[in-house]
Every structure is written in C-alpha cells, then in structure tokens.
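In my numbering, the protein residues as written are 2 to 745.
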C-alpha cells in the first residue's frame with residue numbers, strides 16, 4: 002500500500018518493491034497516435050525473485066532467486082549489436098487486441114482518484130484495503146508494486162510462457178500434463194531459465210523473449226492504480242516466488258502525462274519525445290524506477306509512415322511496412338540498465354549523413370561529427386535547439402558532455418538518484434577534456450581554455466549559492482543514509498519533485514570542482530589513469546560516492562599523509578551547502594589566465610568609452626576610434642558578465658557592443674547575457690532580441706522572466722506576460738511552474 006507523501010517536501014517516491022520481485026526484461030509493443038496524443042499497447046515484464054525473498058520447494062530445492070546486494074550488482078557484459086529477431090518465426094500468435102482497435106474512442110475507466118478496474122475489481126475484491134502490504138503477512142495475497150503515474154491501465158494478465166512451442170529446448174524441463182500448481186511453477190522456472198541465460202546466448206534469449214511475449218494469457222490479474230503506483234495481485238498467491246514471473250499489461254498514456262512531451266518541431270510538424278523529467282518513464286510505461294532495477298528491453302513501435310521512430314537501442318532499426326501508411330520500428334538493448342535510460346523520439350526527423358571523409362555536414366540546425374559505418378549505432382543524444390545556432394562551440398561542448406554520459410550515467414550509474422553529481426559532475430569535468438581533444442589544441446591552449454571555463458563556472462556557482470535554498474546545494478542530501486532502501490526496496494528521492502531544482506547547476510558545478518581539485522592534487526596524468534581504472538572496475542554497476550573516492554585514495558596512498566580522506570571529502574564537498582572551503586582558496590587564481598586578462602583589458606576599454614560618451618556634450622564630438630579585439634565565445638560570456646556589473650551603460654554603448662561582436666548571431670550563452678544587459682538598462686531596441694530568446698530558447702530563458710519583472714517597468718512586465726502567454730503551452734511543467742511564480 003502507498004505511504005502518504007508530504008507535498009511540502011517535494012520528495013519523489015520510488016514505489017516499486019524491487020526487493021521482492023525484480024524486472025529483468027521488458028517487451029513493449031506500442032502504437033503512437035498523434036491525433037489523440039496517446040501512446041498505447043502492451044508491455045510484458047519478465048521477473049526474477051528479489052534479494053529479500055527466497056522460496057524453497059517441498060523437496061528443499063530452491064525454485065528461483067536473484068541476489069542484488071547492497072553494492073549494486075554487475076549489470077552485464079559488453080553491449081551487443083544484434084540483428085533484429087524475426088518475430089514471425091514464433092509459433093504463438095498474438096492473442097491480444099491491437100492498440101489501434103481499442104486505443105481510440107474507448108472510454109477511460111479511471112475514477113476521480115486515478116484508479117482503474119477490470120471486471121473482478123468492480124466487485125470490490127481487489128481494493129487496496131483487501132490486499133496485503135508488501136511485507137506479506139500470513140494468509141494475505143502478495144502485492145507486486147510497479148512505479149506508474151498518468152497511465153490508463155486497461156488489463157493485466159499472466160502470460161502462459163509454457164505454451165511457447167520449443168520452449169522445453171531452452172529449459173530442459175518436461176511440460177506437465179495437467180493444469181495445476183506444477184504448471185504454475187513450470188512457468189516461473191521457464192522465465193528463470195530465460196533471464197539467466199549466459200551472455201553468449203543473447204540472440205537465442207531475444208528470440209524467446211519475443212515468443213514468450215506473444216504467448217497466450219492464462220488468467221487475469223487483479224490490479225489497482227494510485228497516484229504513483231500500479232499494484233497487482235493474484236488471488237491466493239502469498240509469496241513473490243509463486244507470483245507469476247511473466248505478466249502482460251494493456252495500457253495507454255495520457256496526453257498530459259509527465260514522461261513525454263507532445264509538441265511540434267521547428268517546421269511546425271508534430272513530434273513526441275521522452276523528456277527525462279523527474280518522474281522519468283513511469284508515465285510512459287509501468288516499470289520499476291529504482292536504479293537497482295537493472296533490465297534489458299526490446300520494443301516494437303508502430304506509427305504513420307510520415308514519422309521516424311528513434312530509440313536508445315543498440316541496433317540501427319529499419320522500418321517494416323505493416324499496412325498502407327503504417328510502419329513498425331524495432332529496437333532492443335542487451336546491456337541491463339535502469340528503466341530511466343529508456344528513451345524514445347518520434348517525429349519527421351531527417352538524417353544528415355557525412356558526405357565526405359574530410360567535411361562533416363554542419364548547418365544551422367544540425368551538428369555532426371565524423372564516424373564510420375562500423376562504429377555507428379543509434380543511441381539517442383537529446384540536444385536543445387538552443388545549442389545549434391551560433392557556431393560550433395556551444396554545440397560541441399554540449400555534445401562532449403552528453404558523450405561523457407556514455408561512461409558516467411549509463412555504463413556506471415548512481416545507486417541513489419540524489420547523488421546525481423556522480424554523472425553530472427564527471428560529465429562536466431570530462432566535457433573540457435573531450436572538447437580540447439576535438440579541437441586538437443596545444444597543451445598551453447588547453448590550460449588557458451580550462452582556466453577561463455573554471456572562472457565562468459566559479460561565478461555561476463557563486464551566484465547560484467547566493468540565490469538558492471541551502472538544502473538544494475548539498476550534493477549528498479541523504480548523507481549517511483544515502484543508498485538505503487526500505488525492506489521492500491521502495492525509497493524517496495529527496496527534493497526530487499522541486500521544480501526549481503531542475504534549473505540548478507550546483508550538482509554539475511560542485512561535482513566538477515571536486516574532480517578538478519582531486520586532479521590537481523593527484524596530478525592530471527595519474528588522475529586520468531585512475532578514471533580509466535574506475536570505469537573498467539565498475540563498468541555495468543551502480544555506485545556510491547565512496548566507491549570512487551576509496552579507489553582513488555587507495556591508488557594514491559601518499560595523499561592520505563596530506564589529510565585527504567574519504568571522510569574529509571564528504572564533509573567539505575558533498576554533505577554541506579555553500580561554496581566548499583578548498584574552492585574558496587582557489588577562486589582568485591583563474592583571473593591571472595591570459596584569456597581572462599585579455600577580457601579584462603576589453604572591459605576597461607568599454608567602460609572608458611561609456612564614460613566618455615556620458616561626459617560629452619549634446620554636440621557631436623569626434624571620438625577616438627577604439628579597436629576591440631576578437632574574442633572566443635567563452636570570452637564574450639565573461640565580457641558581458643563583467644559589463645553587467647556596471648551600474649549604467651548608455652544606449653550608444655549597447656548599440657556599439659551589439660554591432661562589434663554581432664551578438665544577435667552568437668550562441669545562446671552569449672545571447673542570454675546580451676538579453677540581460679538589454680533588460681537591466683531598459684534598452685528598447687533590444688526588446689525584440691529578448692522576445693525572440695524567450696520564444697526560441699524557453700528553458701534557458703526561464704530566469705529572464707524574473708529579470709523582466711524585478712525592474713517594475715511596465716513595458717518589460719508586459720513583454721514578460723506576452724511571451725509567457727505565447728510559450729506556455731509548449732513549455733515543460735517545471736519551467737511553466739517556475740515562470741508562473743515569477744509573474745503572478
């Protein structure tokens with residue numbers, strides 16, 4: 002049963018009782034309907050019994066078990082690139098209704114509380130009060146709890162995997178002659194054999210997953226949906242080991258569901274994609290969200306032939322035409338990962354292919370890097386359209402950041418979602434290293450750019466610390482209880498639903514500075530060797546902060562003499578708010594960097610020119626021509642941030658500033674600072690730039706709304722309300738909530 006959540010804490014509940022049953026594989030069979038803005042169909046889940054429960058049969062032989070220890074078990078061997086399994090080779094035919102038949106116009110059976118019912122539920126048999134809790138008191142039915150919200154669940158049934166022709170070859174088990182308890186045990190034994198097949202039999206495993214997912218049902222299961230969960234039970238089944246280990250769920254998403262965004266692309270054509278929102282994928286399909294629930298998946302997705310389906314799969318999917326105007330796309334992964342890593346994007350996408358070995362395609366809407374056919378696979382990287390215009394710098398750095406997540410975030414994940422610095426801090430640190438390699442910079446150039454970047458990040462962190470709640474500045478908010486779960490496996494993500502948290506960069510920045518500090522202490526070469534070792538040692542695993550820190554200090558034992566310990570790092574960097582003490586001592590050093598000093602010189606020129614213009618009479622006076630140097634994008638950001646500290650800049654200076662650096666043509670980071678200058682100095686010729694930024698760069702422009710309101714200028718406030726009214730329906734929920742609080 003669900004525990005009552007305190008809405009004032011904004012904690013995100015992870016309801017799935019993974020300690021009792023653990024999903025090992027998902028098979029999704031879905032239709033995407035743009036007219037109704039609904040994704041729906043069938044999902045089949047294959048389970049193993051969880052680590053907190055073992056079932057011993059009457060013969061004393063263990064039936065099935067899965068151990069997931071507190072160090073978060075190994076995920077899998079190397080990912081495989083697999084040709085699509087031919088589903089038509091399976092002997093069992095689909096016996097469930099296609100979503101296109103029931104997904105349109107069907108009456109939603111949900112009540113006001115978001116509950117859905119099947120025939121047996123209408124009699125009241127399956128209300129939560131009549132079911133047991135997940136601790137399974139004696140003579141109570143076992144409840145399987147899945148993470149689920151914003152879904153219309155239509156039906157749940159057990160899958161008769163024993164009916165699959167040839168399945169006995171997989172299991173080496175004889176099929177019982179009668180429908181009995183023995184047959185129920187056989188089904189679970191089959192699933193156990195299937196999910197525990199060795200890695201070198203992945204093709205066979207995928208084939209049988211497909212066949213089993215299409216096997217007939219063998220009985221409806223009782224279910225109840227709540228705000229955050231789907232609870233399933235089978236009458237008379239009191240233990241996880243006896244509960245069906247293969248279940249099929251018919252469901253539909255809701256247009257307002259928080260895991261997907263229905264919107265339009267830059268050309269006004271419809272598209273839909275997962276957004277990686279705080280609730281991840283539970284509003285896309287019923288699943289187990291806790292990081293420990295590492296699983297593989299395969300998915301068939303049907304949609305109109307005008308659309309392209311992209312997913313985070315290992316194979317490069319080729320669509321199959323099912324009927325006139327309908328295509329089916331098939332993807333899968335063989336490396337177990339958390340359900341939160343499942344991504345999908347459906348739209349009228351165009352593929353930009355490299356035209357030659359020396360000239361990768363680069364346009365104002367695409368950014369591509371050289372690759373060969375041998376090493377290409379369609380893992381999705383989501384980039385905001387805001388990073389695409391204005392040259393390659395911003396897009397290149399963001400791409401490097403997302404590529405780094407391939408190691409930190411995917412290959413290695415955090416045991417506890419509150420330790421998001423483990424992925425974001427590492428990706429931010431490695432972003433600079435990757436981008437320097439991509440630009441083929443010299444050693445001195447690398448050092449200069451990294452010091453400039455460090456100063457910009459320092460200023461951003463300082464501002465964020467001054468303008469955010471202290472509790473949100475802590476990288477390990479659960480401290481010593483980080484990674485701890487309830488007996489059932491359920492937990493809470495602290496502050497997981499706070500809207501403002503999604504716009505904070507403290508986990509990126511403090512994590513980056515921690516890793517940078519360690520690199521300086523250890524030595525960069527030794528540090529990179531340690532990172533490689535960390536990736537090899539923990540590949541496919543979930544980790545806590547201590548895992549990395551202990552390995553690092555064990556490899557560099559001499560650092561213990563200087564007082565650097567796991568405990569001191571936790572105390573100074575991860576468990577406290579504000580600027581870490583070691584970082585305070587370093588903040589001034591970057592100002593001596595050559596690139597920073599160059600910007601300081603340019604700032605002085607602009608300030609002096611501004612003063613001369615203000616002191617001059619109304620009569621035209623010939624001014625000495627000032628020559629301004631060309632600056633890198635990051636230098637421009639620093640320049641504009643420095644000028645933002647000036648109390649007054651006259652309109653003539655702002656006009657000259659925009660023309661000198663062609664600010665309207667720069668990347669979004671530069672244009673954002675330009676818009677801040679426009680707002681601060683009420684520079685009306687630039688209001689069109691602000692309006693364009695709020696329209697085209699919605700996520701990056703959230704805090705510009707606050708700047709427009711704080712000046713208490715009527716025209717600026719009218720501009721803010723006008724832009725929000727035009728953009729609100731296209732904004733994600735968190736952005737809209739934060740902006741609304743600023744405006745109303």
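Even glycine gets a Cβ: it sits at the ideal position worked out from N, Cα and C.
Rounded Cβ spacing between residue i and residue j (contact assumed at less than 8 Å)
i	j	result
residue 499	residue 148	Contact doesn't hold; Cβ gap of about 19 Å is too wide.
residue 232	residue 144	5 Å
residue 408	residue 343	Actually they do not touch by this definition, with Cβ atoms about 19 Å apart.
residue 645	residue 678	6 Å
residue 490	residue 51	7 Å
Residue i, DSSP secondary structure in three states
i	result
residue 236	coil
residue 159	strand
residue 551	helix
residue 47	strand
residue 26	strand
residue 676	helix
residue 490	coil
residue 685	helix
residue 253	strand
residue 16	coil
residue 505	coil
residue 737	helix
residue 385	coil
residue 303	strand
residue 230	strand
residue 667	coil
residue 418	coil
residue 583	helix
residue 151	coil
residue 441	coil
residue 296	strand
residue 344	coil
residue 286	coil
residue 728	helix
residue 331	strand
Distance between residue j and residue i (C-alpha atoms, nearest Å)
i	j	result
residue 744	residue 736	12 Å
residue 552	residue 535	7 Å
residue 437	residue 290	36 Å
residue 323	residue 242	39 Å
residue 658	residue 664	8 Å
residue 14	residue 661	52 Å
residue 458	residue 579	14 Å
residue 581	residue 573	6 Å
residue 627	residue 609	10 Å
residue 587	residue 345	42 Å
residue 272	residue 304	11 Å
residue 680	residue 712	8 Å
residue 227	residue 250	16 Å
Residue i, buried or exposed, once every other Cβ within 10 Å from all chains shown has been counted against 16
i	result
residue 444	exposed
residue 683	exposed
residue 503	buried
residue 200	exposed
residue 37	exposed
residue 617	exposed
residue 672	buried
residue 656	exposed
residue 382	exposed
residue 512	buried
residue 685	exposed
residue 234	buried
residue 256	exposed
residue 266	exposed
residue 464	exposed
Own chain, CB closer than 6 Å to residue i, minus 5 neighbours either side, in chain order
i	result
residue 330	302, 310, 318 and 320
residue 600	636, 639 and 640
residue 584	514
residue 486	492
residue 480	576
Residues near residue i in its chain [Cβ-Cβ closer than 8 Å; skip 5 each side]
i	result
residue 692	720, 723 and 724
Same chain, Cβ closer than 7 Å to residue i, neighbours up to 5 away in sequence not counted
i	result
residue 539	413 and 548
residue 714	683
Residue-chain proximity (residue i, chain D), Cβ-Cβ < 7 Å
i	result
residue 672	Absence of chain D from the displayed structure is noted, only one protein chain being present.
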